[in-house]
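Working notes for the structure below.
In this note's numbering, the protein residues as written are 173 to 548.
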């Protein structure tokens, strides 16, 4: 605390008046002490939601921009936020100022100031190296896909994105890389996804595990005694060429020993899944056949990626101006690319993509922080 007096206090200022002002000023440090004791919890309540929201928005935009880069066949790169350290401080000062009038009405007034400072330091860690490449290029594990289907995700969404092939049905296998020039094979696979979605909604399909000696089998069970959905059940048997005498089928990845009692599948890698979704990004008309590849059907024209299993579930739009209704938006090559906030299918698929990416990339050992930035 500091006090400044200008001039000489006249005798007219009584001792009582002086003591009153001094007691008031003396009480200010106590008040400030009380404010400081509540500063920590209040600062946490203010900063934690703000940092949380900013980090999520940053990671989502990074994922979207990398999808756009894939559409343009540009190099992708992922930065992980390694740590956020916030230094919070509270400063206070108290003063006593006196104005002396030689006539009357002398004043003695206290003054106080509080300064709040927030100095965050953010460390970024690049996701790169052999471990990352191996994890994003390796096929997704069936166990991870099982966990997703058992945690509430729709079978048609998980299978339609993660499986490149089931038995002799193909889910646009040439879409697991840069945009292909020729039309992908996907129609019958899309029919299968429609049937499986209907069966799941009506609890006519179950996916679980069963102990088989030292191994654990993933088993799919079809409940075929419901006449109301006989057409959908028959469609699954027909498309997958399954044994009609069986209602339980194991899930495996061995195409060298395909059997009618099994669902033999080929899973996509994270890299393949990212590419598959990137084809569903609208590009400005001036970029077509120049900066992005245009897929064409055999009879000419433009292939509509919206018809593929991924295209039904994911769409990124483009505009010259920043969109007002965007859930996520990123600017790239002079245009905005975004997912509409009302597009619930695309938002769900984006969330699933984030979970799958975290499952795979989370297995790698991150590099040391490449950049630490004190934010001023």
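Heads up, the beta-carbon is just placed ideally off N, CA and C, and yes, glycines get one too. Just so it is clear, the structure is predicted and the values come from calculations on it, not from any experiment.
Paired residues, beta bridge with residue i - DSSP
i: residue 507; result: 504
i: residue 319; result: Paired residues: none, contrary to the question.
i: residue 491; result: 508
i: residue 393; result: 378 and 420
i: residue 249; result: The partner list for residue 249 (beta bridge, DSSP) is empty, contrary to what the question assumes.
i: residue 222; result: None, per the DSSP bridge assignment.
i: residue 431; result: Per DSSP, none; premise fails for residue 431.
i: residue 387; result: 384
i: residue 498; result: 512
i: residue 462; result: None; residue 462 has no bridge partner.
i: residue 243; result: None, per the DSSP bridge assignment.
i: residue 468; result: 354
i: residue 453; result: 488
Extent of the continuous alpha helix (DSSP H) to which residue i belongs
i: residue 526; result: 516 to 533
i: residue 408; result: 402 to 412
i: residue 443; result: 442 to 450
i: residue 302; result: 302 to 309
Residue interval of the beta strand (DSSP E) (run including residue i)
i: residue 438; result: 434 to 439
Length of the line joining the Cα atoms of residue i and residue j
i: residue 400; j: residue 234; result: 46 Å
i: residue 515; j: residue 447; result: 20 Å
i: residue 428; j: residue 339; result: 11 Å
i: residue 488; j: residue 478; result: 11 Å
i: residue 549; j: residue 294; result: Here the chain has residues from 173 to 548 only, and residue 549 is not among them.
i: residue 321; j: residue 315; result: 10 Å
i: residue 223; j: residue 493; result: 27 Å
i: residue 484; j: residue 386; result: 40 Å
i: residue 463; j: residue 510; result: 19 Å
i: residue 382; j: residue 246; result: 44 Å
i: residue 237; j: residue 490; result: 12 Å
i: residue 415; j: residue 406; result: 11 Å
i: residue 226; j: residue 220; result: 10 Å
i: residue 379; j: residue 425; result: 16 Å
i: residue 506; j: residue 305; result: 30 Å
i: residue 440; j: residue 333; result: 8 Å
i: residue 533; j: residue 307; result: 6 Å
i: residue 244; j: residue 496; result: 24 Å
i: residue 298; j: residue 254; result: 9 Å
i: residue 519; j: residue 459; result: 26 Å
i: residue 185; j: residue 218; result: In this prediction, residue 185 scores a pLDDT of 49, lower than 50, which makes its location untrustworthy; the coordinate-derived value is nonetheless stated afterwards. If you take the alpha carbons of residue 185 and residue 218, they lie about 46 Å apart.
i: residue 480; j: residue 341; result: 13 Å
i: residue 476; j: residue 356; result: 10 Å
i: residue 499; j: residue 384; result: 45 Å
i: residue 230; j: residue 501; result: 10 Å
i: residue 375; j: residue 325; result: 14 Å
i: residue 466; j: residue 522; result: 23 Å
i: residue 248; j: residue 454; result: 18 Å
i: residue 503; j: residue 430; result: 46 Å
i: residue 309; j: residue 528; result: 13 Å
i: residue 391; j: residue 317; result: 13 Å
i: residue 347; j: residue 370; result: 26 Å
i: residue 388; j: residue 319; result: 14 Å
i: residue 240; j: residue 327; result: 26 Å
Short CB-CB distance (under 8 Å) between residue i and chain C
i: residue 526; result: Chain labels in this structure do not include chain C; a single protein chain is all it has.
ask   = What residue ranges within the stretch 319 to 374 form continuous beta strand (DSSP E) runs of no fewer than 3 residues, ordered along the chain?
value = 335 to 338
inquiry  = Between the stretch 426 to 434 and the stretch 469 to 477, can you find at least three pairs of beta-carbon atoms closer than 8 Å?
reply    = They do not touch, by the three-pair rule.
query = Are three or more beta carbon pairs between the stretch 336 to 352 and the stretch 389 to 403 nearer than 8 Å?
reply = no
inquiry  = For the pair the stretch 418 to 427 and the stretch 446 to 461, tell me if three or more CB-CB distances fall below 8 Å.
reply    = no
ask   = Taking one C-beta from the stretch 354 to 365 and one from the stretch 404 to 411 each time, how about it: are there three or more such pairs within less than 8 Å?
value = yes
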